[in-house]
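Residue numbers (my numbering): 57 to 250. Beta carbons are placed, not taken as given, at the ideal position from N, Cα and C, and that holds for glycine. Note that the structure is a prediction, hence the values are computed from the model and not measured.
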Amino acid sequence: IIFDYFTDSLDVVAHEVTHAITQSTANFDYKKQRGGLHESISDVFAALVEQWHFNQTAADADWLTGQSLFTVATKGPALRDIANPGTAYNDPLLGRDPQISHFSQYNDNLDVHLTSGIPNRAFYLAAIGFGGYAFEKAGKIWYATLTDSRIRAIAQTATFKQWADVTVDQANKLFGTSAAIIVRNAWVAVGVLV
């Protein structure tokens, strides 16, 4: 047995609820980069729910999704690692975590659960760049982007770059130039912006 009870995990439940929120706001379909964004948004907000619940700063959080999903026999702490995509597990039955963390690894044929590692890592880098609680700045920027009319207008063709551009703009609107620089640098680090 590899998996334990999915409903025992606060972040997994929050992840699934966030899919409904994304569907009613950005309305991304589940393909290509927009599918990776859809999956990433659920990972990000699940992490924020868990961090809020446990009163964790970005630096104190473990950034793992699905820590309680695996049984003790599984070789790995979680299903996904937002901070370091592709490192969550290495198990004889499951194999090595195949999630990617840089745009140079992307192609349209990859599953959205794998490509979500790129925006996941960008969010993590922005949250660490801000310091403090991830839900106070980075989370507000991502939510403002999710509910931005520009994103809804491109929902069926959205790319990581388009999402990144709006996050930078929202960071500037909400918190000023220095915040926009932090967010932009996060996207540069994962190869989405240059």
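Bridge partners - residue i, DSSP secondary structure assignment
i, result
"Leu120", "Asp137"
"Arg152", "Asn146"
Whole-angstrom distance between residue j and residue i, CA atom to CA atom
i, j, result
"Ile174", "Trp108", "23 Å"
"Ala129", "Val105", "27 Å"
"Ile57", "Leu120", "Residue confidence for Ile57 is low, a pLDDT of 40 falling below 50, so the modelled location carries little weight and cannot support an answer."
"Thr191", "Thr81", "Looking at the sequence provided, one finds Phe at residue 191 rather than Thr. If I take the Cα positions, the gap works out to 19 Å."
"Leu150", "Thr233", "44 Å"
"Ala117", "Glu72", "20 Å"
"Phe32", "Ile97", "The structure shown does not extend to residue 32, since the chain is modelled only from 57 through 250, so no value can be given for it."
"Phe179", "Val250", "17 Å"
"Ala209", "Gly132", "39 Å"
"Leu166", "Arg177", "17 Å"
"Tyr189", "Ala227", "15 Å"
"Asn241", "Phe231", "15 Å"
"Ser205", "Pro148", "45 Å"
"Gln134", "Thr203", "Gln is not the amino acid found at residue 134; the sequence shown has Ala there. For Ala134 and Thr203, the distance between alpha carbons rounds to 29 Å."
"Trp198", "Asn163", "24 Å"
"Ala220", "Ser65", "29 Å"
Cβ-based neighbour list, residue i, same chain, cut-off 6 Å, excluding 5 preceding and 5 following
i, result
"Phe59", "Reliability of the predicted coordinates at Phe59 is poor, the pLDDT of 46 falling under 50, and the value obtained from them is presented with this limitation in mind. Excluding positions up to five away in sequence, the list reads Leu125."
"Arg152", "Asn146"
"Ala70", "Ala102 and Val105"
"Glu257", "This structure gives no information on residue 257, because the portion of the chain shown stretches from 57 to 250."
"Ala139", "Trp119 and Tyr180"
Reduced DSSP secondary structure (H/G/I, E/B, other) of residue i
i, result
"Asp225", "helix"
"Gly142", "coil"
"Gly185", "helix"
"Asp67", "helix"
"Asp99", "helix"
"Gly92", "helix"
"Gly132", "coil"
"Ala211", "coil"
"Gly247", "coil"
"Thr78", "helix"
"Asn165", "coil"
"Asn241", "helix"
Test item: CB-CB of residue i and residue j under 7 Å
i, j, result
"Asp137", "Ala102", "no"
"Gly247", "His158", "yes"
"Gln155", "Pro141", "yes"
"Thr201", "Val224", "no"
"Ile184", "Ala114", "yes"
"Ala211", "Asn111", "no"
"Gly92", "Thr171", "yes"
"Gln79", "Thr215", "no"
"Ala280", "Ile237", "Only positions 57 to 250 of the chain appear in the structure, and residue 280 is not among them; the question remains open."
Neighbourhood of residue i by C-beta, 8 Å cutoff - its chain only, sequence neighbours within 5 removed
i, result
"Val244", "Val250"
Residues near residue i in its chain [Cβ-Cβ closer than 7 Å; skip 5 each side]
i, result
"Gln218", "Ile210"
Below-7 Å beta-carbon distance, residue i vs any chain B residue
i, result
"Gly142", "Here there is only one protein chain, and chain B is not present."
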